[in-house]
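So the protein sequences, as listed, match chains A and B.
Using our numbering, the first residue of the first sequence is number 1, and each one after it goes up by one.
Using our numbering, the first residue of the second sequence is number 169, and each one after it goes up by one.
Only one structure is covered here, and it is reproduced in the block below.
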Amino acid sequence: MLWLLMSVWVPLGAAEEASHGQFMQLDGQVQNAKKDVLEISSGLIQFEESYIYPRDTRISIFLTMNQEDEHSLDTVSIKIDGKQSASHRYIPKELVAMQRGGLHRIYTGNIGNGEHALEVVVSTSQPDSKVSRRSNVIYKFSKNPGEKNIEINLATLGSGNPGISFRE
Amino acid sequence: MKPGYILLCGLCLPALSIAGTEIPRLNEKDIYLREAAYHAFQNNYIDAISRLDIATGKLSGGREPHYDLLHFQVGSSKFSTGDFEVSYRMHQRAKEVLKSILEKSENKLIRNESIYRLARILMQEGRAKDALLIIEKINGEVPENIRDDELFLRARIYMANDDFTGAVRLLQRLLDSDGYKGFAGYNLGVALINIGQEKQGLEHLDKIGKLSGDDEVMLSLMDKANLAMGYRWMDAKQPATAKKYLERVRLSGPFSNKAMLGSGWADIALGKFESALAPWTVLAERDVSDISVQESLLGVPYVYAKLNLPGKATLLYGRALESFDKEMSRLDASINSVNEGKFLQILSRDGIVHDENLITSLRALPEGPATWFLLELMLSDDFGKALGNYLDLRDLSKRLGGLDEHLNSSYSGVSLSDTRRRQGYDDQLRQLKKRVHDSILSVNALLSRQGGMLEMMAIDELNQRRKLLLENQSQARIGMMESYERAGKIQPPSSGAK
Numbered sequence: 001m002l003w004l005l006m007s008v009w010v011p012l013g014a015a016e017e018a019s020h021g022q023f024m025q026l027d028g029q030v031q032n033a034k035k036d037v038l039e040i041s042s043g044l045i046q047f048e049e050s051y052i053y054p055r056d057t058r059i060s061i062f063l064t065m066n067q068e069d070e071h072s073l074d075t076v077s078i079k080i081d082g083k084q085s086a087s088h089r090y091i092p093k094e095l096v097a098m099q100r101g102g103l104h105r106i107y108t109g110n111i112g113n114g115e116h117a118l119e120v121v122v123s124t125s126q127p128d129s130k131v132s133r134r135s136n137v138i139y140k141f142s143k144n145p146g147e148k149n150i151e152i153n154l155a156t157l158g159s160g161n162p163g164i165s166f167r168e
Numbered sequence: 169m170k171p172g173y174i175l176l177c178g179l180c181l182p183a184l185s186i187a188g189t190e191i192p193r194l195n196e197k198d199i200y201l202r203e204a205a206y207h208a209f210q211n212n213y214i215d216a217i218s219r220l221d222i223a224t225g226k227l228s229g230g231r232e233p234h235y236d237l238l239h240f241q242v243g244s245s246k247f248s249t250g251d252f253e254v255s256y257r258m259h260q261r262a263k264e265v266l267k268s269i270l271e272k273s274e275n276k277l278i279r280n281e282s283i284y285r286l287a288r289i290l291m292q293e294g295r296a297k298d299a300l301l302i303i304e305k306i307n308g309e310v311p312e313n314i315r316d317d318e319l320f321l322r323a324r325i326y327m328a329n330d331d332f333t334g335a336v337r338l339l340q341r342l343l344d345s346d347g348y349k350g351f352a353g354y355n356l357g358v359a360l361i362n363i364g365q366e367k368q369g370l371e372h373l374d375k376i377g378k379l380s381g382d383d384e385v386m387l388s389l390m391d392k393a394n395l396a397m398g399y400r401w402m403d404a405k406q407p408a409t410a411k412k413y414l415e416r417v418r419l420s421g422p423f424s425n426k427a428m429l430g431s432g433w434a435d436i437a438l439g440k441f442e443s444a445l446a447p448w449t450v451l452a453e454r455d456v457s458d459i460s461v462q463e464s465l466l467g468v469p470y471v472y473a474k475l476n477l478p479g480k481a482t483l484l485y486g487r488a489l490e491s492f493d494k495e496m497s498r499l500d501a502s503i504n505s506v507n508e509g510k511f512l513q514i515l516s517r518d519g520i521v522h523d524e525n526l527i528t529s530l531r532a533l534p535e536g537p538a539t540w541f542l543l544e545l546m547l548s549d550d551f552g553k554a555l556g557n558y559l560d561l562r563d564l565s566k567r568l569g570g571l572d573e574h575l576n577s578s579y580s581g582v583s584l585s586d587t588r589r590r591q592g593y594d595d596q597l598r599q600l601k602k603r604v605h606d607s608i609l610s611v612n613a614l615l616s617r618q619g620g621m622l623e624m625m626a627i628d629e630l631n632q633r634r635k636l637l638l639e640n641q642s643q644a645r646i647g648m649m650e651s652y653e654r655a656g657k658i659q660p661p662s663s664g665a666k
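Encoded structure:
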């Protein structure tokens, strides 16, 4: 019933079994290697949160976008209290990831308690245009003991007047 | 999300607030989930899973995370625990996190869905017996949105474990399902035939064979059903019936070559030699690397020989031999290319990424000795997974290189006044550096082995084709000699006598 073999599982010959067995063994080792790297990655996050950016002084800035826009986001730069803190040039798949609801961590650092100013500079351009627009906004916030998280949301990017909002 | 502050661009103005708007505050779990999603949407699964572990698991002292959340939503995308791991081919870990939910949850629907997902992973790993043991643990209902999925999976598990009777009962329930109509019908046909109800089975396959529409998946299923029935009737020595089904297979689909070959053989079986030329001459013009095409290159001169045209047959056997010789050179060049490492070099290019566009990027590679057979190789499940692993290892190696540099350069200026904190910091940094170093050695060793396996799979495939081609070359030579002799015997005498 050769024709039925097209639809159900085909048993492997001896050589193929051996080869499949080798593949499965190596596949298992690759999965373990990925697990190691995953644990290293999680370990690094925990290490940084414990020692480099301890909770009491930690500030993290995130970026997200609400919707697709004919204008494209090029770069976002941020300054905290006048000091350049981060700058990121966005590639298309990062933009799509944010438009789908994902959150990009653009900056993590340390600041003291008190009043601070966050300056955000957004560069955008239209498709097929070399003209780029820049917009900058300042957001004032207070830092108290404990970590500070600020989300920057870009609602629309067009017409030189992006709708930028903040959430803590 | 309502904006709390709207700011004017281009001017450094103080922030304005909009009175009366309630702004939900950010919470830590939400941040990590949305960060995880940001990375997952870009297929950056190490970053996605590590954030998810922090968001939904309870990490302490290096223990495994314990998940208590089966689903979460980000934007309009719904994720299930284990999905990221499965996408990143970490099936072991996916099973571990699902088991942790199973252990923790008392909610029947969540437990049953976790069992379903576990069974699905086991089937993906080819462990049908284990999948059967686990799916039988479902107690009561599963969530409505996966009800049909669970039934279909169960039916596949039963079939893989030779319980075709059980599969029939389940598949009959799916015949009206929007998501599974065609697949349920096809598998029901196969299952019925396996329990001896051949007439009913063939009726179901016949229905599938008459599908129409634009959906390529359904149309491929239709072609597969018609091809299967065509060859079934050939086996049963009913070539006229076989031809009816084979002619339903699309000329442009993935099964067209096999169908045209079968259609020609049906004509031969019916004694209609000239009719066999119709599908076989079309087939003979296609890519000679395909086995059906090679057979048609031998079939066409065979027909002419049967039609008592040995001169034409000789010529066409000669052409077949030329095509086979060219193909043999191409195969040999490919084998050399793989042995020289060019196959792996091409696969290691940055443009080849393990995501949903992998096939497209492989197709876009310039045609050459090291690449033309790649898409054929991708039809093999093991090769596809092995290539995925190779590309993942390549990316892991780069990532670890970056981490090594980061750990050695980024923390030199850190000062901690507290002695115990300083000790903890030094210890952890040292451990991280060691882990990275060990991982680099391990990943690079695996990369080499995985690359070696890919080369071995490629060589095996090319050697198998070579072996078949040698047989076909031999048949072409024999056919050519025999036709040449016959052509000589029936040559009219020369009219030189006066």
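Where is the CB? At the ideal position from N, CA and C, for every residue including glycine.
Per DSSP, which residues does residue i bridge with? Please list them.
i, result
"A/V122", "A/V76, A/S135"
"B/A538", "Answer is none; B/A538 lacks a bridge partner."
"A/N153", "A/T64, A/S165"
"A/G109", "A/I59"
"A/A86", "A/I78"
"A/H116", "A/F141"
"A/I104", "According to the sequence provided, residue 104 of chain A is His. The question's Ile does not apply to it. Partner(s): A/L63."
"B/R601", "The sequence given here has Lys at residue 601 of chain B, not Arg. Partner(s): none; B/K601 has no beta bridge."
"A/K148", "A/I59"
Taking CB distances under 8 Å as the criterion, tell me whether residue i reaches chain A.
i, result
"B/A205", "yes"
"B/F209", "yes"
"B/H522", "no"
"B/A538", "no"
"B/Q365", "no"
Pick out whichever of the options has its Cα sitting closest to the Cα of residue i.
i, options, result
"B/M402", "B/A473, B/E623, B/M648, B/S431", "B/S431"
"B/L555", "B/R567, B/S565, B/L542, B/Y652", "B/L542"
"B/E495", "B/R285, B/N476, B/V456, B/F511", "B/V456"
"B/D211", "B/Q641, B/V521, B/L609", "Checking the sequence, you will find Asn at residue 211 of chain B rather than Asp. The option with the nearest alpha carbon to B/N211 is B/V521."
"A/I111", "A/P145, A/Q31, A/G21", "A/P145"
"B/I269", "B/R257, B/V471, B/R285, B/A328", "B/R285"
"A/E94", "A/S72, A/S165, A/M24, A/A155", "A/S72"
"B/L489", "B/G647, B/I361, B/A444", "B/G647"
"A/V30", "B/T528, B/Q618, B/S651, B/A644", "B/Q618"
"B/G552", "B/E442, B/S345, B/T449, B/E623", "B/E623"
Is any beta-carbon of chain B found at less than 8 Å from that of residue i?
i, result
"A/A86", "no"
"A/K83", "no"
"A/R167", "yes"
"A/L38", "yes"
"A/Y51", "yes"
"A/I78", "no"
"A/N113", "no"
"A/R100", "yes"
"A/S142", "no"
"A/S41", "yes"
Looking only at its own chain, which residues have a Cβ that is under 6 Å from the Cβ of residue i, when we skip the five neighbours before and after it?
i, result
"B/I199", "none"
"A/L103", "F62, T64"
"B/F240", "L201, F247"
"A/S77", "S87, V121"
"B/H207", "D215, A216"
Which residue marks the beginning of the alpha helix (DSSP H) containing residue i, and which one marks its end?
i, result
"B/A450", "First, the amino acid is wrong: residue 450 of chain B is Val here, not Ala. Here the alpha helix (DSSP H) through B/V450 covers 441-452."
"B/E490", "478-507"
"B/K246", "No alpha helix (DSSP H) holds B/K246; the beta strand (DSSP E) holding it covers 245-248."
"B/L466", "459-474"
"B/H574", "549-577"
"B/H522", "B/H522 -> no alpha helix (DSSP H), and no H or E assigned at all."
"B/I325", "315-328"
In chain D, which residues lie with their C-beta within 7 Å of the C-beta of residue i?
i, result
"A/R105", "Absent from the structure: chain D. Protein chains present are A and B."
Over the uninterrupted beta strand (DSSP E) stretch that includes residue i, give me the two end residues.
i, result
"A/L63", "58-65"
"B/R285", "First-last for B/R285: 276-292, but that is the alpha helix (DSSP H), not the beta strand (DSSP E)."
"B/V242", "239-242"
"B/K392", "From DSSP, B/K392 is part of no beta strand (DSSP E) but of the alpha helix (DSSP H) over 384-403."
Grab me the residues of residue i's own chain with a C-beta within less than 7 Å of its C-beta, minus the 5 sequence neighbours each way, in chain order.
i, result
"B/A437", "P407"
"B/Q640", "According to the sequence as given, residue 640 of chain B is Asn; it is not Gln. Counting only Cβ-Cβ distances below 7 Å, and skipping sequence neighbours, we find Q462, L466, F492."
For residue i, which residues in the same chain have their Cβ closer than 8 Å to its Cβ, ignoring the five residues on either side in sequence?
i, result
"B/G569", "I608"
"B/I381", "The question names Ile, yet the displayed sequence has Gly at residue 381 of chain B. Counting only Cβ-Cβ distances below 8 Å, and skipping sequence neighbours, we find L387."
"A/E49", "R55, R58"
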